[in-house]
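Report on one structure; see the data block that follows.
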Amino acid sequence: MRLNGVLTVGLVLLPGLLGFTGATAAAASNPPASPTPSPTATQPSSTATPAPSAGEDNDPPNEATVAERSATVMASPNFQLPFPCGQTWVGNNSGSSAHRAYEIDFNRGSTAEADRGDPVVAAAAGTVVISSHQGSANGFGNLVKIDHGGGWTTFYAHLTVRSVSAGARVTQGQQIGTVGRTSKPGNNISSHLHYEVRQGEGYPGNIRRAVFNGATFGYPIQTLTSKNKCGGGGGGATNPHTAQSVCGSGYKVVDSAALGTAGTVYLLYSAGSGKNCVATIKKTSLGKATATSAYLEVQGKSRVTDSGNFAYFAGPVQASAPGKCVKWGGKAGSDVYNSPFEHCG
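Mapping to the numbering used here: the sequence shown position 207 is 386, numbers consecutive.
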């Protein structure tokens with residue numbers, strides 16, 4: 180199926196310092212199984228942590244101080260994925276030669292610049308101690324660093340926009356900037372979020388394994404769905420997700436069907452990727468895992484379905500259907516919609 184008149188321009192992924200050059204996010208409604216939690220992982224070995232490049236300051240000085248810094252090293256805060264609730268992102272530790280230990284680059288879009296401008300939120304509450312463009316000092320570009328107390332800090336680099344100032348107190352899930360590609364002059368990278376967790380002093384030995392929602396990131400690559408600020412709800416609550424945010428940048432709604440009062444199933448199309456996408460967005464029982472599904476069937480091919488107990492949505496289910504008709508539909512609660520073969524392209 181094609182939708183005329185819609186065009187999204189994608190860029191080729193570009194290698195570079197702290198660049199994400201690997202996976203494209205295969206968004207799913209639930210995160211895959213995670214490794215056993217290890218919030219106090221040992222320091223990486225000397226072979227895994229080469230010295231910084233000459234002339235680079237990858238441990239920039241703080242621009243603000245924390246009034247009451249504890250001298251005691253505490254257990255890790257309950258870090259969450261640095262993206263809004265329900266968004267699914269691919270984290271890649273091995274896609275950049277600039278990584279020295281457990282840093283992660285995050286992407287979710289189907290093209291190099293698909294994630295540019297997407298919100299970045301605080302992984303845990305804390306005080307902003309750096310909010311500035313790092314210029315030629317290093318490859319961080321627009322950097323926000325948050326001090327969480329007890330020696331724990333997080334870094335959010337390459338931001339297009341910084342939404343907080345040094346010295347500001349932030350809550351978990353509060354927006355601190357947007358995904359971008361800023362770096363030092365001449366460093367041509369594609370848009371992504373570079374994320375780090377550090378404990379104590381002594382770069383790069385103080386870089387720690389990232390832990391999200393109590394589970395250690397599945398190095399070197401893992402796809403995760405954010406639980407950051409996923410509150411319960413119902414009665415009057417609004418779903419923070421839309422069909423477009425679930426399917427990704429460049430997708431436009433071409434059809435929809437109500438699932439009673441429980442939700443709506445949407446059919447979308449991206450001219451940039453040439454793919455269709457189906458997502459079911461819940462309207463009731465928000466934040467509570469209930470039976471929800473979405474499916475897409477290209478004529479002559481097997482049906483692809485995302486089905487389970489989900490808090491906010493099912494999908495995205497994506498497929499290319501050049502010159503073909505598609506069936507699509509979904510379920511929320513006890514209400515079901517099944518289309519005929521239609522939207523033939």
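For each residue, glycine too, the CB sits at the ideal point set by N, CA and C.
Note down, in chain order, each residue of its chain lying with its Cβ closer than 6 angstroms to the Cβ of residue i, except the 5 sequence neighbours on either side.
i	result
Q497	K454 and C456
S405	L260, F262, C264 and Q266
S428	G288 and A293
D236	A316 and N317
G379	G330 and N385
V425	A458, F492, G494 and P495
Can you find a CB in chain C that lies within less than 7 angstroms of the CB of residue i?
i	result
P261	Any reference to chain C falls outside this structure, which holds one protein chain only.
Give the C-beta separation of residue i and residue j to the nearest angstrom, bearing in mind that I take them to be a contact with Cβ-Cβ under 8 angstroms.
i	j	result
D485	S499	So it is not a contact: roughly 17 angstroms between Cβ atoms.
L446	T459	Wrong, their Cβ atoms sit about 11 angstroms apart, outside the cutoff.
A441	D514	5 angstroms
Q478	V444	That pair is no contact at about 19 angstroms.
P383	H327	That belief does not hold up - the Cβ atoms of P383 and H327 are roughly 19 angstroms apart, past 8 angstroms.
A301	V349	5 angstroms
G508	Y474	6 angstroms
T357	P399	Not confirmed; about 26 angstroms, so no contact.
Report the three-state DSSP secondary structure of residue i (helix, strand or coil).
i	result
S424	helix
H337	coil
P495	strand
F520	coil
S315	coil
G413	In this prediction, G413 scores a pLDDT of 36, lower than 50, which makes its location untrustworthy; the coordinate-derived value is nonetheless stated afterwards. It is coil, neither helix nor strand.
C456	strand
Q378	strand
H278	coil
I355	strand
Q401	strand
L260	coil
V323	strand
Considering only DSSP beta bridges, list what residue i is partnered with.
i	result
S472	S486 and K510
N286	V269
K431	Y448
H373	D284 and A336
V505	V477 and E521
A389	Answer is none; A389 lacks a bridge partner.
K461	G442
Counting only the same chain and skipping the five closest in sequence on each side, list residues whose C-beta sits under 7 angstroms from that of residue i.
i	result
I309	P239, N241, E242, L322, V323, K324 and A345
Q353	V300 and A301
A336	L197, F319, G320, L322 and H373
By Cβ distance below 8 angstroms, which residues in the same chain neighbour residue i in space, the five residues on each side in sequence not counted?
i	result
I283	G270, N271, N272, H373, Y374, E375, A389 and F396
G381	none
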